[in-house]
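Asks: Counted the way numbering that gives the first Met the number 0 counts, the sequence shown spans residues 0 to 426. If you scroll down you'll find the structure; I have some questions about it.
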Amino acid sequence: MSGFAAVDVIRAKRDGGTLSGEQIDWVVDAYTRGVVAEEQMSALAMAIFLNGMSPAEISRWTRAMIESGERLSLDVSRPTVDKHSTGGVGDKITLPLAPLVAACGAAVPQLSGRGLGHTGGTLDKLESIPGWRASLSTAEILRQLDDVGAVVCAATSGLAPADKKLYALRDVTATVESIPLIASSIMSKKIAEGASGLVLDVKFGSGAFMKSLDQARALASTLTSIGADHGVPTTALLTDMNVPLGRAVGNAVEVAESVEVLKGGGPSDVVSLTLALATEMLALAEVSADPAAVLASGEAYEVWCRMIAAQGGDPSAPLPTPSHVHVVSAPSSGVLASLDAYAVGVAAWRLGAGRARKEDPVQAAAGVLCLAKPGDAVSEGQPLLELHTDTPEAVPAALEALAGGFSIAESAPSPGPIVVETIRAGM
Ligand code: URA
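Now the structure itself:
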């Protein structure tokens, strides 16, 4: 690859110019190899943050990040389709969704991450199951996809290494919240993972990265266009993340709620989002099945048990319980009018469910149970929230996060739908 001077690439973007395909290929590759220094990439990331990128630049940048590492070749007997969520509070949907879509006949390779900040990580949740292991080799991933149809595990280190480096840099240079950088980061990993179709759950609201529907729509259309440019049909659902999803926010508590859904119960918002995402995934995989009927039949639960057991977990083992439970009661009678996702996410995080730094441990039993959801009638003194933790000294900080995080009124409108819009490439 012909060389450029990093300073010229930075200057071009700083001055509002458009980077050529060759400049992008060079700078991403040279950064991955350590030839472009961290401070140079910091300056370039900030220039991109401030001046944006054209659709062609975003697509090329994504390609360069994919090519910085390996691209899995998912040579399995069923059509492959994956789902990615931009992250929310109580977002355990991967847990019931992957086995459900596998029970319907597609293969779901879910290479996931750990939680950072107030949104939880799928691997942290699954690690609350005794014996379950997140790290699999590529051969194990392929075998499990063939045998079980679903695998949720840690991304192998060879996938999009440029993104790994760049994401860590963005985290400490205030350059995370940029649509070109977020979209290329997500799609480079998902495309490198090799699924033939991709469904994105793009969340908006207080508990999401994107606070407004307009921002989420802009991110969703960038994501779906990148998918189309790379030959991976991609659909995005815009979903409401102003209120925690379901009743459980944390690790083991979210596994327990997912198992309820797989056994035919569970909160209606979790069930309806799982079915909406499954419907889109099956459409992309061209598998004709009724996910609601498959969920009701218990077949998805059977796949869940096999998926957990294949990774060393015991699906029937009791989940960890907290040493301390603090109850928050309703201060008055009426209707729960609001329950803020961000406040509950931060409370769960402070109770020990999440981590502040990548290397921090998480508590399997920590989290928040929302005993009432907006629209529910409540009476004074009734338990509204249960705070679970093994470190009771964390309770005051969790209560501080929850201050103003819910309200009770004489009446409140019924909650709106979870899925607000569907975006497909070219729409
Ligand atoms: N998730 C990612 O993978 N990358 C981002 O930049 C933001 C969220």
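Every residue, glycine too, gets a C-beta built ideally from N, C-alpha and C.
Quick check: what's the CA-CA separation for Gly15 versus Glu56?
Replies: The sequence position of residue 15 within the sequence shown is 16, counting from 1. The sequence position of residue 56 within the sequence shown is 57, counting from 1. Cα to Cα, the separation comes out at about 13 Å.
Asks: Near Val260, what residues of its chain come up, given a Cβ to Cβ distance below 7 Å and the 5 sequence neighbours on each side ignored?
Replies: For the purposes of this step, residue 260 is taken as residue 261 along the sequence shown, with counting starting at 1. Counting only Cβ-Cβ distances below 7 Å, and skipping sequence neighbours, we find Pro95, Val269, Val270, Thr273.
Asks: Can you tell me which of the three DSSP states Arg77 falls into?
Replies: Numbered from its first residue, the sequence shown carries residue 77 at position 78. In the structure shown, Arg77 sits in coil (DSSP, three-state: anything other than H, G, I, E or B).
Asks: Give me, in chain order, the residues of the same chain whose beta-carbon lies closer than 6 Å to that of Pro414; leave out the 5 immediate sequence neighbours on both sides.
Replies: Your numbering for residue 414 matches position 415 in the sequence shown. Around Pro414: Pro373, Gly374.
Asks: Using a threshold of 6 Å, is the CB atom of Ser184 nearer than that to any non-hydrogen atom of the ligand URA?
Replies: Start at 1 with the first residue of the sequence shown, and residue 184 comes out as number 185. For the ligand URA, at least one heavy atom lies less than 6 Å from the Cβ of Ser184.
Asks: Count the CB pairs spanning the segment 239 to 253 and the segment 333 to 349 that are closer than 8 Å, and state whether there are at least three.
Replies: Yes: at least three Cβ pairs fall under 8 Å.
Asks: Hey, which unbroken runs of the alpha helix (DSSP H) at 4 residues or more fall wholly within the segment 264 to 351?
Replies: Here the runs fully enclosed are 267 to 284, 290 to 296, 298 to 309, 340 to 347.
Asks: On a CA-only basis, which of Ile225, Leu168, Val254 is nearest Ile92? Give me that one, please.
Replies: On the sequence shown, position 93 is the one that residue 92 refers to. For the residues Ile225, Leu168, Val254, the minimum Cα distance to Ile92 belongs to Val254.
Asks: When you compare the CB positions of Ala219 and Val201, do they come within less than 7 Å of one another, or not?
Replies: The residue labelled residue 219 in the question sits at position 220 within the sequence shown. The residue labelled residue 201 in the question sits at position 202 within the sequence shown. Cβ distance < 7 Å, so Ala219 and Val201 count as in contact.
Asks: Using a Cβ-Cβ cut-off of 6 Å (strictly less than) and excluding sequence neighbours within five positions of Gly297, which residues of its own chain qualify?
Replies: Start at 1 with the first residue of the sequence shown, and residue 297 comes out as number 298. Nothing meets the Cβ criterion.
Asks: Would you mind reading off the limits of the beta strand (DSSP E) that contains Lys428?
Replies: Residue coverage of the chain in this structure runs from 0 to 426, which leaves residue 428 outside it and unanswerable.
Asks: Please confirm whether Ala336 and Ser205 have their CB atoms less than 7 Å apart.
Replies: Numbered from 1 along the sequence shown, position 337 holds the residue referred to as residue 336. Numbered from 1 along the sequence shown, position 206 holds the residue referred to as residue 205. No. Outside cutoff.
Asks: Please classify Ala217: does DSSP put it in a helix, a strand, or coil?
Replies: Taking the first residue of the sequence shown as 1, we reach residue 217 at position 218. Helix, per DSSP.
Asks: Closer than 6 Å by C-beta to Asp228: which residues in its own chain qualify, once you throw out the five before and the five after it? Chain order, please.
Replies: Indexing the sequence shown from 1 puts residue 228 at position 229. Contacts found: Ser58.
Asks: I'd like to check one pair, Gly312 with Trp25: are the Cβ atoms closer than 7 Å?
Replies: Residue mapping note: residue 25 aligns to position 26 of the sequence shown, counting from 1. Residue mapping note: residue 312 aligns to position 313 of the sequence shown, counting from 1. Not closer than 7 Å, so no.
Asks: Just to confirm, is the Cβ distance from Met306 to Ala154 under 7 Å?
Replies: In the sequence shown, the residue the question calls residue 306 occupies position 307. In the sequence shown, the residue the question calls residue 154 occupies position 155. Cβ atoms of Met306 and Ala154: not closer than 7 Å.
Asks: Unbroken beta strand (DSSP E) runs of length 3 or more, entirely within the segment 352 to 422: which are they?
Replies: Listed in chain order, they are 366 to 369, 382 to 388, 405 to 408.
Asks: Which residues in the same chain have their Cβ closer than 7 Å to the Cβ of Asp162, if we skip the five residues on either side of it in sequence?
Replies: As a working mapping, residue 162 is identified with position 163 in the sequence shown. Taken in chain order, the residues that qualify are Met64, Ser184, Ser187, Lys188.
Asks: Can you tell me the Cα-Cα spacing of Asp389 and Ala207, whole angstroms?
Replies: Counted from its first residue, the sequence shown places residue 389 at position 390. Counted from its first residue, the sequence shown places residue 207 at position 208. Computed Cα separation, rounded: 27 Å.
Asks: Rounded to whole angstroms, what's the CA-CA distance from Cys304 to Pro314? Just pull it up for me.
Replies: Along the sequence shown, one-based indexing puts residue 304 at 305. Along the sequence shown, one-based indexing puts residue 314 at 315. Taking the straight line from one Cα to the other gives about 5 Å.
Asks: Tell me whether Ile190, by its Cβ, gets closer than 6 Å to a heavy atom of the ligand URA.
Replies: Counting from 1 along the sequence shown, the entry for residue 190 is found at position 191. Not so, every heavy atom of the ligand URA lies at least 6 Å from the Cβ.
Asks: For the beta strand (DSSP E) containing Leu110, name the first residue and the last one.
Replies: By one-based count along the sequence shown, residue 110 stands at place 111. Here the beta strand (DSSP E) through Leu110 covers 107 to 111.
Asks: Could you give the first and the last residue of the continuous beta strand (DSSP E) run that contains Gly149?
Replies: Within the sequence shown, residue 149 is the residue found at index 150, counting from 1. The amino acid at residue 149 is misidentified as Gly; the sequence shows Ala. Where Ala149 is concerned, the enclosing beta strand (DSSP E) stretches over 149 to 153.
Asks: Rounded to whole angstroms, how far is the Cβ of Pro395 from the Cβ of Ala364, which I believe are closer than 8 Å?
Replies: Translated into the one-based positions of the sequence shown, residue 395 becomes position 396. Translated into the one-based positions of the sequence shown, residue 364 becomes position 365. In fact, because the Cβ distance is near 19 Å, the residues do not count as touching under 8 Å.
Asks: Please state if the CB of Thr238 and the CB of Ile417 are separated by a distance shorter than 7 Å.
Replies: As a first step, residue 417 must be located in the sequence shown, where it is residue number 418. As a first step, residue 238 must be located in the sequence shown, where it is residue number 239. It is a contact, given that the beta carbons lie within the stated cut-off.
Asks: Return the chain-ordered list of same chain residues with a C-beta closer than 7 Å to the C-beta of Thr17, the five sequence neighbours on each side being excluded.
Replies: Numbered from 1 along the sequence shown, position 18 holds the residue referred to as residue 17. Closer than 7 Å at Cβ, skipping near neighbours: Ser53, Glu56.
Asks: Please return the same chain residues whose Cβ sits closer than 6 Å to the Cβ of Phe48, not counting the five positions on each side in sequence.
Replies: Position 49 of the sequence shown, counting from 1, holds the residue named residue 48. For Phe48, where only same-chain residues beyond five positions count, the Cβ hits under 6 Å are Thr174, Ser177.
Asks: With H, G and I counted as helix, E and B as strand and the rest as coil, what does DSSP make of Leu212?
Replies: As a working note, residue 212 is residue 213 in the sequence shown. The answer is helix: DSSP assigns Leu212 an H, G or I state.
Asks: With a Cβ-Cβ cutoff of 7 Å, do Gly404 and Ala342 count as a contact?
Replies: Within the sequence shown, numbered from 1, the residue matching residue 404 stands at position 405. Within the sequence shown, numbered from 1, the residue matching residue 342 stands at position 343. Going by C-beta atoms, Gly404 is nearer than 7 Å to Ala342.
Asks: Does the ligand URA have a heavy atom nearer than 6 Å to the CB of Ile181?
Replies: By one-based count along the sequence shown, residue 181 stands at place 182. Yes, the Cβ of Ile181 comes within 6 Å of a heavy atom of the ligand URA.
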